[in-house]
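Protein chains in written order, with my numbering: chain A, 1 to 72; chain B, 1 to 264. For every residue, glycine included, the Cβ atom is placed at its ideal position computed from N, Cα and C. Since this is a predicted model, take the numbers as computed values, not measurements.
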């Protein structure tokens with residue numbers, strides 16, 4: 001796969017595509033979400049905020065973002 | 001005397017949940033009225049494109065006011081079914097909320113929301129290894145509690161009754177047994193408390209704190225109910241420290257008279 005070729009991923013369960021080579025930090029920024037507003041996981045594994053730039057997304061990756069909510 | 005959790009001194013023994021309030025403003029007032037120094041929070045998978053609903057659960061609303069309350073945040077792993085899920089969610093919570101405290105919930109049954117000890121214990125072990133202060137939500141089963149301590153938990157949070165049921169302490173014998181067998185372990189009754197009377201009962205059994213949510217959030221006046229629980233928990237604790245008298249089978253006269261008043 002060459003650079004910038006669209007690749008399929010899912011983001012919070014919804015099918016999307018992103019250019020190959022996109023890292024997790026870039027994907028989050030593209031959503032208009034502040035980096036510290038969410039926690040992230042790829043394929044069910046936690047990816048820490050300071051590791052998002054190094055985490056290059058692969059075709060078929062399932063990205064999940066979590067936000068604070070009320071809780072008991 | 002203050003309750004000490006991992007070096008953090010707590011003068012309130014009332015841990016309050018933040019879900020289900022009529023509005024963020026009522027939640028804020030209820031936290032203030034409760035005097036709670038520990039409030040529970042959660043994490044939710046985001047919906048696509050920021051469609052996350054509104055109301056008291058809207059992240060911007062509630063999170064800023066909870067921060068402003070100054071209470072310690074206790075994130076939970078609600079909704080997790082496996083140790084792996086719970087560990088991952090705890091890792092996220094630590095980053096998102098900036099705390100190593102985690103209320104570990106791993107549920108094994110939809111009907112009762114009963115904790116699954118076979119997932120809970122390994123999850124607790126892993127989180128302790130990773131440096132978390134684990135607050136395990138567990139049943140009142142003594143052996144499960146002992147296993148949780150074996151893997152490094154410093155406190156336990158056995159249920160009083162199923163989450164949100166408001167049934168009170170359905171097995172006081174088991175809770176009393178936990179207190180007797182684990183005299184030095186901080187014990188928090190978590191879940192099932194419906195009224196301030198239940199909270200008094202838990203504290204009189206010698207529990208160190210009470211965690212509840214629905215009983216306050218679902219009251220007609222959550223702010224007043226938060227204060228009622230505050231007073232109840234303080235009263236119950238004071239009674240435990242003072243020593244409740246042993247029940248007697250028959251009447252025992254309390255007024256020190258000399259026989260009958262008239263010798264007729």
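- Of all residues in the region 56 to 71 of chain A, those with a C-beta nearer than 7 angstroms to a C-beta of chain B are 64, 65, 66, 67, 68, 69, 70 and 71, reading in chain order.
- At the C-beta level, residue 57 of chain A and residue 7 of chain A come within 9 angstroms of one another.
- At least one beta carbon of chain A lies nearer than 9 angstroms to the beta carbon of residue 85 of chain B.
- DSSP places residue 9 of chain B in the uninterrupted beta strand (DSSP E) bounded by 8 to 10.
- Rounded to the nearest whole angstrom, the CA to CA distance from residue 43 of chain B to residue 40 of chain A is 11 angstroms.
- The residue from B/96, B/79, B/165 and B/86 with its alpha-carbon nearest to that of residue 63 of chain B is B/96.
- Note on residue 53 of chain A: under 16 other CB atoms within 10 angstroms of its CB, so exposed under the neighbour-count rule.
- Fewer than three pairs of CB atoms, one per stretch, sit closer than 8 angstroms, so the region 198 to 209 of chain B makes no contact with the region 110 to 119 of chain B.
- Among the residues of the region 13 to 43 of chain A, those with a Cβ less than 9 angstroms away from any Cβ of chain B are 13, 14, 16, 31, 32, 33, 36, 37, 38, 39, 40 and 41, in the order of the chain.
- Under the Cβ distance rule, residue 99 of chain B does not count among the residues neighbouring chain A, no pair being separated by less than 9 angstroms.
- Judged by beta-carbon spacing, residue 14 of chain B lies within the 9 angstroms limit of residue 209 of chain B, meaning their Cβ atoms are closer than that value.
- Comparing C-alpha distances from residue 70 of chain B to each of B/94, B/87 and B/10 shows the shortest one belongs to B/10.
- The beta carbon of residue 151 of chain B is closer than 7 angstroms to those of 121, 124, 125 and 128 in its chain, skipping five residues each way along the sequence.
- If the five residues before and after residue 38 of chain B are omitted, its C-beta is found closer than 7 angstroms to the C-beta atoms of 10, 15, 71, 72 and 74, all from its own chain and listed in chain order.
- Ranked by Cα distance from residue 153 of chain B, the first of B/135, B/221, B/230 and B/40 is B/135.
- In chain order, 95 make up the part of chain B whose C-beta sits under 8 angstroms from the C-beta of residue 49 of chain A.
- When C-beta atoms of the region 24 to 36 of chain B are compared with those of the region 215 to 234 of chain B, three or more pairs fall below 8 angstroms, so the two segments count as touching.
- Of the other Cβ atoms in all chains shown, fewer than 16 fall within 10 Å of the Cβ of residue 247 of chain B; this residue is therefore exposed.
- From the beta-carbon of residue 114 of chain B, no residue of chain A is found nearer than 7 angstroms; the closest lies around 16 angstroms away.
- For residue 44 of chain B, the chain A residues whose Cβ falls inside 7 angstroms of its Cβ are 66, 67 and 69, in order along the chain.
- Under the Cβ distance rule, residue 163 of chain B counts among the residues neighbouring chain A, one pair being separated by less than 9 angstroms.
- Around the beta carbon of residue 160 of chain B, 16 or more other beta carbons lie within 10 angstroms, which makes this residue buried.
- Runs of beta strand (DSSP E) with 3 or more residues, each lying fully within the region 169 to 215 of chain B, are found at 188 to 190 and 209 to 212, listed in chain order.
- Taking the Cα positions, residue 158 of chain B is about 41 angstroms away from residue 60 of chain A.
- Less than 9 angstroms divides the Cβ of residue 140 of chain B from the Cβ of residue 175 of chain B.
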